[in-house]
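Okay, so here's the structure we're looking at.
In our numbering, the protein residues as written are 18 to 148.
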(Lines of atoms letter the chains of each structure in order from A and count residues from 1; the text may use other names and numbers.)
(Lines give C-alpha, C1' and ligand atoms only; values in the text may rest on other atoms or scores of the structure.)
Protein backbone atom coordinates (compact mmCIF):
# COMPACT_ATOMS: atom_id res chain seq x y z
CA UNK A 1 0.00 0.00 0.00
CA UNK A 2 1.44 3.34 -1.07
CA UNK A 3 0.19 6.66 0.25
CA UNK A 4 -2.25 4.75 2.50
CA UNK A 5 -4.15 3.60 -0.57
CA UNK A 6 -5.11 -0.09 -0.82
CA UNK A 7 -3.51 -2.18 -3.56
CA UNK A 8 -6.79 -3.89 -4.40
CA UNK A 9 -10.37 -3.76 -3.08
CA UNK A 10 -13.85 -4.72 -4.23
CA UNK A 11 -15.92 -2.11 -6.06
CA UNK A 12 -19.36 -3.31 -7.23
CA UNK A 13 -18.03 -6.71 -8.31
CA UNK A 14 -14.87 -5.42 -9.98
CA UNK A 15 -11.62 -4.16 -8.45
CA UNK A 16 -10.41 -0.73 -7.40
CA UNK A 17 -7.18 0.42 -5.84
CA UNK A 18 -3.64 0.81 -7.13
CA UNK A 19 -3.69 -2.46 -9.08
CA UNK A 20 -6.96 -1.59 -10.83
CA UNK A 21 -5.75 1.89 -11.77
CA UNK A 22 -2.41 0.54 -13.00
CA UNK A 23 -4.14 -2.17 -15.04
CA UNK A 24 -6.54 0.31 -16.66
CA UNK A 25 -3.73 2.69 -17.63
CA UNK A 26 -1.69 -0.19 -19.03
CA UNK A 27 -4.67 -1.32 -21.15
CA UNK A 28 -5.14 2.27 -22.37
CA UNK A 29 -1.44 2.67 -23.20
CA UNK A 30 -1.48 -0.66 -25.04
CA UNK A 31 -4.51 0.48 -27.06
CA UNK A 32 -6.61 -2.41 -25.80
CA UNK A 33 -9.17 -0.09 -24.21
CA UNK A 34 -10.19 3.37 -25.37
CA UNK A 35 -11.86 6.08 -23.32
CA UNK A 36 -13.60 9.16 -24.62
CA UNK A 37 -13.20 12.01 -22.13
CA UNK A 38 -15.56 14.97 -21.76
CA UNK A 39 -14.48 17.92 -19.61
CA UNK A 40 -11.92 15.75 -17.82
CA UNK A 41 -14.39 13.01 -16.99
CA UNK A 42 -14.63 9.57 -18.62
CA UNK A 43 -17.61 9.45 -20.95
CA UNK A 44 -17.49 6.33 -23.13
CA UNK A 45 -15.13 3.36 -22.92
CA UNK A 46 -14.63 0.47 -25.32
CA UNK A 47 -12.58 -2.67 -25.73
CA UNK A 48 -10.68 -2.59 -29.03
CA UNK A 49 -10.36 -5.65 -31.31
CA UNK A 50 -6.69 -5.85 -30.27
CA UNK A 51 -7.75 -5.71 -26.64
CA UNK A 52 -10.32 -8.44 -27.14
CA UNK A 53 -7.71 -10.66 -28.78
CA UNK A 54 -5.02 -9.88 -26.20
CA UNK A 55 -7.25 -10.39 -23.18
CA UNK A 56 -8.61 -13.62 -24.64
CA UNK A 57 -5.01 -14.82 -25.05
CA UNK A 58 -4.48 -14.13 -21.32
CA UNK A 59 -7.55 -16.24 -20.55
CA UNK A 60 -10.01 -13.42 -19.80
CA UNK A 61 -13.44 -14.64 -20.91
CA UNK A 62 -14.17 -11.65 -23.18
CA UNK A 63 -16.68 -13.67 -25.23
CA UNK A 64 -19.03 -13.26 -22.25
CA UNK A 65 -19.25 -9.54 -23.05
CA UNK A 66 -21.39 -10.48 -26.06
CA UNK A 67 -23.68 -12.72 -24.02
CA UNK A 68 -24.84 -10.17 -21.49
CA UNK A 69 -27.12 -7.18 -21.30
CA UNK A 70 -24.67 -5.49 -18.91
CA UNK A 71 -22.73 -2.50 -20.13
CA UNK A 72 -19.57 -4.08 -21.56
CA UNK A 73 -16.95 -1.46 -20.58
CA UNK A 74 -17.03 1.61 -18.38
CA UNK A 75 -14.66 3.69 -16.32
CA UNK A 76 -15.45 3.79 -12.64
CA UNK A 77 -13.96 6.58 -10.54
CA UNK A 78 -12.81 6.04 -6.98
CA UNK A 79 -12.69 9.23 -4.96
CA UNK A 80 -10.29 9.13 -2.05
CA UNK A 81 -9.24 12.10 0.09
CA UNK A 82 -10.12 14.59 -2.62
CA UNK A 83 -8.35 12.68 -5.39
CA UNK A 84 -9.94 10.77 -8.27
CA UNK A 85 -8.60 7.37 -9.30
CA UNK A 86 -10.07 5.74 -12.42
CA UNK A 87 -10.38 2.01 -12.99
CA UNK A 88 -12.39 -0.28 -15.26
CA UNK A 89 -15.87 -1.23 -14.15
CA UNK A 90 -18.92 -2.73 -15.84
CA UNK A 91 -18.76 -6.25 -17.24
CA UNK A 92 -15.12 -6.09 -18.35
CA UNK A 93 -14.09 -5.02 -14.86
CA UNK A 94 -15.84 -8.08 -13.42
CA UNK A 95 -14.25 -10.38 -16.00
CA UNK A 96 -10.81 -8.97 -15.14
CA UNK A 97 -11.44 -9.59 -11.43
CA UNK A 98 -12.51 -13.18 -12.15
CA UNK A 99 -9.38 -13.70 -14.26
CA UNK A 100 -7.11 -12.28 -11.55
CA UNK A 101 -8.68 -14.68 -9.04
CA UNK A 102 -8.42 -17.71 -11.38
CA UNK A 103 -4.76 -16.91 -12.02
CA UNK A 104 -4.19 -16.68 -8.24
CA UNK A 105 -3.00 -13.07 -8.55
CA UNK A 106 -5.61 -11.80 -6.07
CA UNK A 107 -7.55 -13.66 -3.41
CA UNK A 108 -10.62 -13.14 -1.29
CA UNK A 109 -10.27 -13.08 2.48
CA UNK A 110 -12.55 -12.02 5.34
CA UNK A 111 -11.72 -8.34 4.92
CA UNK A 112 -12.05 -8.22 1.12
CA UNK A 113 -9.38 -8.74 -1.53
CA UNK A 114 -5.60 -8.78 -1.48
CA UNK A 115 -2.72 -9.42 -3.83
CA UNK A 116 -1.24 -12.89 -3.48
CA UNK A 117 2.50 -13.48 -3.43
CA UNK A 118 2.21 -14.48 -7.10
CA UNK A 119 0.28 -11.29 -7.81
CA UNK A 120 2.82 -9.17 -6.00
CA UNK A 121 5.60 -10.71 -8.10
CA UNK A 122 3.55 -10.70 -11.30
CA UNK A 123 2.61 -7.03 -11.49
CA UNK A 124 3.53 -5.20 -13.55
CA UNK A 125 6.61 -6.84 -15.02
CA UNK A 126 5.44 -10.29 -16.03
CA UNK A 127 1.71 -9.96 -16.35
CA UNK A 128 1.56 -6.48 -17.85
CA UNK A 129 4.98 -5.68 -19.20
CA UNK A 130 5.68 -8.86 -21.14
CA UNK A 131 2.39 -9.32 -22.98
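Built from N, CA and C at the ideal position, the CB exists for glycine as well.
- The segment 46 to 64 makes contact with the segment 79 to 92: 3 or more CB pairs, one atom from each, lie closer than 8 Å.
- Scanning its chain for C-beta atoms nearer than 6 Å, with the 5 sequence neighbours on each side dropped, one finds around residue 94 the residues 101 and 103, in chain order.
- Here residue 70 is exposed. Its C-beta has fewer than 16 other C-beta atoms within 10 Å.
- When secondary structure is reduced to three states using DSSP, residue 99 falls in the coil class, being assigned neither helix nor strand.
- The straight-line gap separating the alpha-carbon atoms of residue 132 and residue 57 is approximately 30 Å.
- Around the beta carbon of residue 23, a 10 Å sphere encloses 16 or more other beta carbons of the protein chains shown; the residue is thus reported as buried.
- About 7 Å separates the beta carbon of residue 29 from that of residue 106, a gap short enough to meet the 8 Å contact definition.
- Checking the DSSP bridge columns, you'll see residue 58 partnered with 55.
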